[in-house]
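A.B. asks: Handing you a structure now.
2 protein chains.
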Amino acid sequence: MGNEETNQSLKLFIVLSRAYRAINENVNKLIHTYGLNPTEFAVLELLYHKGDQPLQQIGGKILLASGSITYVVDKLEEKGYLKRVACPTDRRVTFASITDSGKEMIETIFPSHEQRIHELMTELSAEEKDTVIQLVKRLGLSASGKQL
Amino acid sequence: MGNEETNQSLKLFIVLSRAYRAINENVNKLIHTYGLNPTEFAVLELLYHKGDQPLQQIGGKILLASGSITYVVDKLEEKGYLKRVACPTDRRVTFASITDSGKEMIETIFPSHEQRIHELMTELSAEEKDTVIQLVKRLGLSASGKQL
DNA sequence: AAAAAATATCTCGAATTCAAATTAATTATA
DNA sequence: TATAATTAATTTGAATTCGAGATATTTTTT
C-alpha cells in the first residue's frame, strides 16, 4: 500500500485518463465520418487556424514523430487538402499549406466538432469548467516541464 | 466563431488533452524501461488487482479491441507473465491468469509507477486534486454515457 | 574556405492497434 | 430436437505510429 497522498495522485490520473479517453473516443468517431483520422484532422485544423507551417513544427505542436509527419502530410496531399511548398530562404524546409478544398473541409467539420465537444461537457457548469481549466492547465504545464 | 460557452468547452478539452498526454508520455517511458508496453502493463495490473478475467472483459475494462486482446495476451504469455486457463463451465471462455513471475513484475514496477505519477502532480495541492477528481469524474462518467 | 556540427525531411522496418471475417460453443426458438 | 441467433475467442490484413538511419542543406567553428 502506498500512502494516502500517492493514492490520491493515482486516482486523479485514472479519472483524468477515463474522462479524456471517453471524450476523445466520441470525438474521433465524428471525425471519422468525414473520412479523416484524428491526426489528419489535427494537422488540417492547425494549418487552418495558424497558417502555413514547416513540417517539423507540426510535429512539435501535435506531438508526432518526424516519420509520422511525412506519412500524414502525404495522405493529406493525396486527398488534395494540403500542398507542400518549398521554403525560399532555407532549402531544407518544406511548408505544409492548406488548399481551398482543405479549408472547405475544415469549415464543414469544425462547427459540429466544437458542438459535439460542448455537448459532451454539459455535465459541468461554466464555473466548474473554469475551475477545471485553471487547475488542469497548471497540472499539464508542470507535467510537461514547462514553467508557468 | 462559436459562442463563448462552446469555446470554453473546447478550451477545456484542449487543456485536458495536453495534461493527459504530458503525464501519459512520461509514465509510458517508465513502463518501457521494464520491457513492457503500456497495454501489457495495463493488462497485468488489471489481473493483479482484480484477479483472473475472461479475455473479453479485459477489452471492456482497458478499452481495447478484441483483436488486440489476443495479441497482448499472446505476448504476455510468451514472456511468462500470464497463462490462459479454460473456463470449466463455458467452453467458449478463456480466463487470463497472472503467474507468479507476473506478480513479481507488477510488484517491482507498481511502486515506482505510482511514485512517478505522484511526482508529476506535485503542482497541485491535495485540496486542488480533490476538486479536480470530483469534477473530472463527473465529466468522464457523463461523457461515457454512464449515470452518476 | 574547409571541416564539423546541427537541422529538416524522408525512407525503411518494426510495433501496435483496429476492423472484418472465421471458428467454435452456447442459448433461444420453433 | 433441429435450426437460428448470439456470444467468445481467434486469425488475418490494413492502417497508423514510431525509431533509427540516410540524405541534403545550413550554420558554426577552426
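Chains as they are written, first to last, in our numbering: chain A, 1 to 148; chain B, 1 to 148.
We put the CB at the ideal spot given by N, CA and C, even for glycine.
Looking at chain B, which residues of the stretch 72 to 84 of chain A have a Cβ within less than 8 Å of any of its Cβ atoms?
C.D. replies: Against chain B - using a Cβ distance shorter than 8 Å - the stretch 72 to 84 of chain A contributes no residues.
A.B. asks: Is there at least one Cβ from chain A nearer than 8 Å to F13 of chain B's Cβ?
C.D. replies: For the purposes of this step, residue 13 of chain B is taken as residue 13 along the second sequence, with counting starting at 1. Yes, its Cβ sits closer than 8 Å to a Cβ of chain A.
A.B. asks: So with CB distances below 9 Å, who are the chain A contacts of T131 of chain B?
C.D. replies: Working through the second sequence from its first residue, we reach residue 131 of chain B at position 131. Near T131 of chain B (Cβ distances below 9 Å), the residues of chain A are T131, V132 and L135.
A.B. asks: According to DSSP, what are the bridge partners of S97 of chain A?
C.D. replies: On the first sequence, residue 97 of chain A is found 97 positions in, with the first residue counted as 1. Paired residues: A:K83.
A.B. asks: Pick helix, strand or coil for P54 of chain B, following the three-state DSSP scheme.
C.D. replies: The residue you call residue 54 of chain B lines up with position 54 of the second sequence. DSSP places P54 of chain B in strand when its eight states are reduced to three.
A.B. asks: Taking only beta-carbon positions, decide if N26 of chain A is within less than 8 Å of chain B.
C.D. replies: Within the first sequence, residue 26 of chain A is the residue found at index 26, counting from 1. It does; some Cβ of chain B falls within 8 Å.
A.B. asks: Measure the Cβ-Cβ separation of L82 of chain B and I98 of chain B and say whether it is below 8 Å.
C.D. replies: Sequence index remark: in the second sequence, residue 82 of chain B carries index 82 (1-based). Sequence index remark: in the second sequence, residue 98 of chain B carries index 98 (1-based). In this structure, I98 of chain B lies closer than 8 Å to L82 of chain B by Cβ.
A.B. asks: Note the first and the last residue of the continuous alpha helix (DSSP H) segment covering N7 of chain A.
C.D. replies: If you number the first sequence from 1, residue 7 of chain A lands on position 7. Counting along the chain, the alpha helix (DSSP H) containing N7 of chain A begins and ends at E4 to H32.
A.B. asks: For A65 of chain B, decide whether its Cβ has a neighbour in chain A, counting only Cβ atoms nearer than 8 Å.
C.D. replies: The residue labelled residue 65 of chain B in the question sits at position 65 within the second sequence. A65 of chain B does not count as touching chain A.
A.B. asks: Can you tell me whether K129 of chain B is buried or exposed? The criterion is at least 16 other CB atoms within 10 Å of its CB, across all chains shown.
C.D. replies: Taking the second sequence and counting its residues from 1, the one referred to as residue 129 of chain B is at position 129. Per the 10 Å Cβ criterion, buried.
A.B. asks: What residues in its chain sit with their C-beta under 6 Å from that of V15 of chain B, if we drop five residues either side in the sequence?
C.D. replies: Here residue 15 of chain B refers to the residue found at position 15 when the second sequence is read from its first residue. If we look at V15 of chain B and ignore the five residues flanking it on each side, it has no Cβ neighbours.
A.B. asks: Please report the residue range of the alpha helix (DSSP H) in which S68 of chain B lies.
C.D. replies: Position 68 of the second sequence, counting from 1, holds the residue named residue 68 of chain B. Element bounds for S68 of chain B: S66 to E78.
A.B. asks: Would you mind reading off the limits of the alpha helix (DSSP H) that contains S142 of chain A?
C.D. replies: Mapped onto the first sequence, residue 142 of chain A falls at position 142. First-last of the alpha helix (DSSP H) with S142 of chain A: A126 to A143.
A.B. asks: By the 10 Å Cβ neighbour count, where 16 or more other Cβ atoms means buried, how is G67 of chain B classified, buried or exposed?
C.D. replies: By one-based count along the second sequence, residue 67 of chain B stands at place 67. Looking at its Cβ environment, which holds fewer than 16 other Cβ atoms inside 10 Å, G67 of chain B is exposed.
A.B. asks: Could you tell me if S125 of chain B is buried or exposed, where buried requires 16 or more neighbouring beta carbons within 10 angstroms of its beta carbon?
C.D. replies: Counted from its first residue, the second sequence places residue 125 of chain B at position 125. S125 of chain B is exposed by the Cβ-count criterion.
A.B. asks: Check E155 of chain B in the structure and name its three-state DSSP category.
C.D. replies: It is not possible to answer for residue 155 of chain B, since the shown part of chain B is limited to 1 through 148.
A.B. asks: Would I133 of chain A and L12 of chain B qualify as a contact pair, given that the criterion is a beta-carbon distance under 8 Å?
C.D. replies: Counting from one through the first sequence, the residue named residue 133 of chain A turns up at place 133. Counting from one through the second sequence, the residue named residue 12 of chain B turns up at place 12. Taking 8 Å as the Cβ cut-off, I133 of chain A and L12 of chain B qualify as a contacting pair.
A.B. asks: Mind checking if M105 of chain A is an interface residue toward chain B, Cβ cutoff 8 Å exclusive?
C.D. replies: Residue mapping note: residue 105 of chain A aligns to position 105 of the first sequence, counting from 1. Not closer than 8 Å to any Cβ of chain B, the Cβ of M105 of chain A fails to qualify, so no.
A.B. asks: Tell me whether the stretch 31 to 45 of chain A and the stretch 69 to 79 of chain A touch, counting them as touching only if at least three CB pairs, one residue from each stretch, are closer than 8 Å.
C.D. replies: Enough Cβ pairs lie closer than 8 Å, so yes.
A.B. asks: How many whole angstroms separate the CB atoms of I58 of chain B and A96 of chain B, which I take to be in contact at a CB cut-off of 8 Å?
C.D. replies: The residue labelled residue 58 of chain B in the question sits at position 58 within the second sequence. The residue labelled residue 96 of chain B in the question sits at position 96 within the second sequence. That belief holds up - the Cβ atoms of I58 of chain B and A96 of chain B are roughly 6 Å apart, short of 8 Å.
A.B. asks: Residues in the same chain with beta-carbon distance under 8 Å from C87 of chain A, minus the five sequence neighbours each way, listed in chain order, please.
C.D. replies: Reading the first sequence from its first residue, position 87 is the one you call residue 87 of chain A. Result list for C87 of chain A: P54, V93, T94 and F95, in chain order.
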